[in-house]
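Residue numbers (the working numbering): 330 to 570.
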């Protein structure tokens, strides 16, 4: 079997450090390859206070921040889909799915994960990336779909990261990831332009709060191309290894 590979699919730089990051770090530390797909460069976000850069410089700066955070987390590669921030819902679905399919077929991941349908926050880009990832999961394994994107490759599982009390979908998998908070904090701090929202959400990096957020991830198994394991999963690669 090729090296186990996990592929987070998100909308903006910094999403990767908010959702499912504990599980991601755990698997990277175990030797799993991680390739991140990011829909936009977050060019319509805030440049920080005081500003880290000008608005015109923001896309390039946020890309640099994303790559810095990826290095902290141990992500092997970052792929950008090339859409503009806040325009992902208006993207041509067939084209956008095709871009994701091409990456999936090249990288050959076993597990994909993304936001739940409400995007955790209701952000339209988050909602859109959930939809696109869901379509691409099956399209990547269909040789008749997007033949120009390379030989078909079907990932085994598509998971949605969920938060208890925030999303209606049931948890099908629970992953314990102790000892990740320091790494997550360093990755979040790489997103310097977004420090105001990050500090607000994570209570100025309160350790107890971050342990609660990141050290016990819950997942909904949104789609599976292999038999679904019975009962609660404690490994996102169950039945694949």
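Even glycine gets a Cβ: it sits at the ideal position worked out from N, Cα and C.
Being a predicted model, the structure only gives us computed values, none of them experimental.
Compute the beta-carbon to beta-carbon distance between residue 502 and residue 562, rounded to the nearest angstrom, for a pair I have assumed lies under 8 Å. The Cβ separation is near 4 Å, so the contact holds.
Does the Cβ of residue 341 have 16 or more other Cβ atoms within 10 Å, making it buried, or fewer, making it exposed? Here residue 341 is buried, its C-beta having at least 16 other C-beta atoms within 10 Å.
Proximity below 8 Å, CB of residue 434 to CB of residue 481: The Cβ atoms of residue 434 and residue 481 lie closer than 8 Å to each other.
Selected residue, minimal CA-CA separation from residue 436, among 362, 567 and 505: The shortest C-alpha separation from residue 436 is found at 362.
By the 10 Å Cβ neighbour count, where 16 or more other Cβ atoms means buried, how is residue 359 classified, buried or exposed? By the neighbour-count rule (16 or more Cβ atoms within 10 Å), residue 359 is not buried but exposed.
Quick check: the Cα distance between residue 375 and residue 527, rounded to an integer number of angstroms? Distance between the alpha carbons of residue 375 and residue 527 is about 12 Å.
Which two residues bound the contiguous alpha helix (DSSP H) that contains residue 495? Note, residue 495: premise wrong, no alpha helix (DSSP H); not H, not E.
If I measure Cβ to Cβ from residue 491 and keep anything under 7 Å in the same chain, skipping five residues before and after, which residues do I get? The residues 445, 498, 500, 547, 548 and 549, in chain order, have a CB closer than 7 Å to that of residue 491 in the same chain once the five nearest residues on each side in sequence are set aside.
Determine, using beta carbons only, whether residue 378 and residue 521 come nearer to each other than 8 Å. No, they are not a contact pair.
In angstroms with no decimal places, state the Cα-to-Cα distance between residue 461 and residue 441. In this structure, the straight-line span from the alpha carbon of residue 461 to that of residue 441 is close to 12 Å.
Assign residue 386 to one of three DSSP states: helix, strand, or coil. Look at residue 386 here: in three-state DSSP terms it is helix.
Selected residue, minimal CA-CA separation from residue 533, among 519, 514, 559 and 470: Nearest C-alpha to residue 533: 514.
Less than 8 Å between the C-beta atoms of residue 402 and residue 333, yes or no? No, the pair does not count as a contact, with Cβ atoms beyond the cut-off.
Using DSSP bridges, identify the partner residues of residue 434. Its beta-bridge partners do not exist; DSSP assigns none.
Go ahead and label residue 537 buried or exposed: buried means 16 or more other beta carbons lie within 10 angstroms of its beta carbon, across all protein chains shown. When all chains shown are included, residue 537 counts as exposed.
Going by other Cβ atoms of all chains shown within 10 Å of its Cβ, with 16 needed for buried, is residue 421 buried or exposed? Exposed is the call here.
Taking the Cβ atom as the reference point for each residue, do residue 470 and residue 554 lie within a distance shorter than 8 Å? In terms of Cβ geometry, residue 470 and residue 554 form a close pair [threshold 8 Å].
Inside the region 513-551 only - alpha helix (DSSP H) runs reaching at least 4 residues: Taken in chain order, the whole alpha helix (DSSP H) runs of length 4 or more contained in the region 513-551 are 524-530 and 536-543.
Along the chain, where does the alpha helix (DSSP H) containing residue 357 start, and where does it finish? Judged by DSSP secondary structure, residue 357 falls within the alpha helix (DSSP H) whose first and last residues are 350-358.
Using a Cβ-Cβ cutoff of less than 8 Å, which residues in the same chain neighbour residue 509 once the five nearest sequence positions on both sides are dropped? Exclusion of the five residues before and after residue 509 leaves 350, 351, 354, 355, 543 and 544 as the residues of its chain whose Cβ lies within less than 8 Å of its Cβ.
C-alpha gap between residue 430 and residue 438, whole angstroms: Taking the Cα positions, residue 430 is about 11 Å away from residue 438.
Neighbour-count burial assignment, residue 477, 16 or more Cβ in a 10 Å radius: Residue 477 comes out exposed.
Comparing alpha-carbon positions, which option in 405, 455, 417 and 373 lies nearest residue 344? Selected option, being the one with the closest Cα: 455.
By Cβ distance, which residues of its chain are closer than 6 Å to residue 483, with the 5 residues on each side in sequence left out? Within the same chain, residue 483 has close Cβ partners 470 and 554.
Could you give the residue range of the beta strand (DSSP E) that holds residue 368? Here the beta strand (DSSP E) through residue 368 covers 362-369.
Quick check on the DSSP output: what are the complete beta strand (DSSP E) runs of length 3 or more inside the region 437-484, in order along the chain? Whole beta strand (DSSP E) segments, 3+ residues: 440-443.
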